[in-house]
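Trainee: Going by the working numbering, the sequence shown opens with residue 4, and the numbers climb by one from there.
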Amino acid sequence: MTTEISLDYTYTIEEFEALPEDGNYYELIEGKLVMVPSAGDEHGRIGDRLVKVIHLLDPEDTLGRVWQTTRFKISPSFSSAPGVAFVVVERIPPKSKGAVAVVPDLVVEIHSPSDLDSRAGVEATQRKIRLYQDNGVRLLWAINPSNLSVEVYHLGSTFPVILGIKEELDGEEILPGFKLKISKLFE
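#1: Counting contacts by CB-CB distance shorter than 9 Å, is Gln71 in contact with chain B?
#2: From Glu24, Asp25, Val37 and Pro97, pick the residue whose C-alpha is nearest to that of Thr13; which is it?
#3: Pull up the distance between the alpha-carbon of Ile77 and that of Arg94, whole angstroms please.
#4: Can you tell which of Ser160, Asn147 and Gly86 has its C-alpha closest to the C-alpha of Gly50?
#5: Starting from Ser1, follow its DSSP beta bridges and name the residues at the other end.
#6: What are the uninterrupted segments assigned as beta strand (DSSP E) that are 3 or more residues long and contained completely in the stretch 91-147, given in chain order?
#7: Tell me the DSSP bridge mates of Arg68?
#8: So is Val106 buried or exposed if we call it buried at 16+ other beta carbons inside 10 Å?
#9: Where Thr161 and Asp173 are concerned, what is the direct C-alpha to C-alpha distance, given to the nearest angstrom?
#10: At which residues does the beta strand (DSSP E) containing Ile32 begin and terminate?
#11: Can you grab the Cα-Cα spacing for the pair Leu31 / Phe181, in whole Å?
#12: Rounded to the nearest angstrom, what separates Asn200 and Ile8 at their Cα positions?
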């Protein structure tokens, strides 16, 4: 096991979790470390809005549990901290000191400008979405503040449904009763 941080090394989840802090934030994508920039104000506001609406709908966590920017062990080679994640009540794992050891039912990825400003950024974003789907995430909302839209991905579907500013997010069977106008995300 290595204790040195290397972007070239292929890590197991155990090695990844044992890495020393170096002041940077990393995700583990297909066994490789990917440095992730800190979330900015817009990202935080959008995540906060979603968490608040979920808590208003489900203040006692009877439908499930919501996390914001919390690391999840998705697979042996994929560990990520989505902007927001939700796990239905039947699947909530016991508390742990480290990453949450369950695949979320709903993942919300809030794109930063760097995610979409280059071909490499777009490809990395698409790869991450595919990994979420390949590992069983049932519903994924990819929020794009740059064009005020949300891509909605369903497990087993190749292409997203794209919602514009005048449309509405729906929690479907994962968060029954959850509805939020896309415009509210960007206020």
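Glycine included, C-beta positions come from ideal geometry on N, C-alpha and C.
Mentor: In short:
#1: No chain B appears in this structure, which consists of one protein chain only.
#2: Taking only the C-alpha atoms, the option nearest Thr13 is Val37.
#3: C-alpha separation (whole angstroms): 14 Å.
#4: Check the Cα spacing between Gly50 and each of Ser160, Asn147 and Gly86: the tightest is with Gly86.
#5: A question about residue 1 goes unanswered here, because the residues of the chain that appear run from 4 up to 190.
#6: Given a length threshold of 3 residues, each whole run of the beta strand (DSSP E) inside the stretch 91-147 is given here in chain order: 109-113 and 142-147.
#7: According to DSSP, Arg68 bridges with Val90.
#8: The residue in question, Val106, is buried, as its Cβ has 16 or more Cβ neighbours within 10 Å.
#9: Rounded to the nearest whole angstrom, the C-alpha separation of Thr161 and Asp173 is 19 Å.
#10: Run containing Ile32: Tyr29 to Ile32, per the beta strand (DSSP E) assignment.
#11: Taking the straight line joining both Cα atoms gives about 31 Å.
#12: Outside the displayed range of the chain (4 to 190) lies residue 200, so it cannot be described from this structure.
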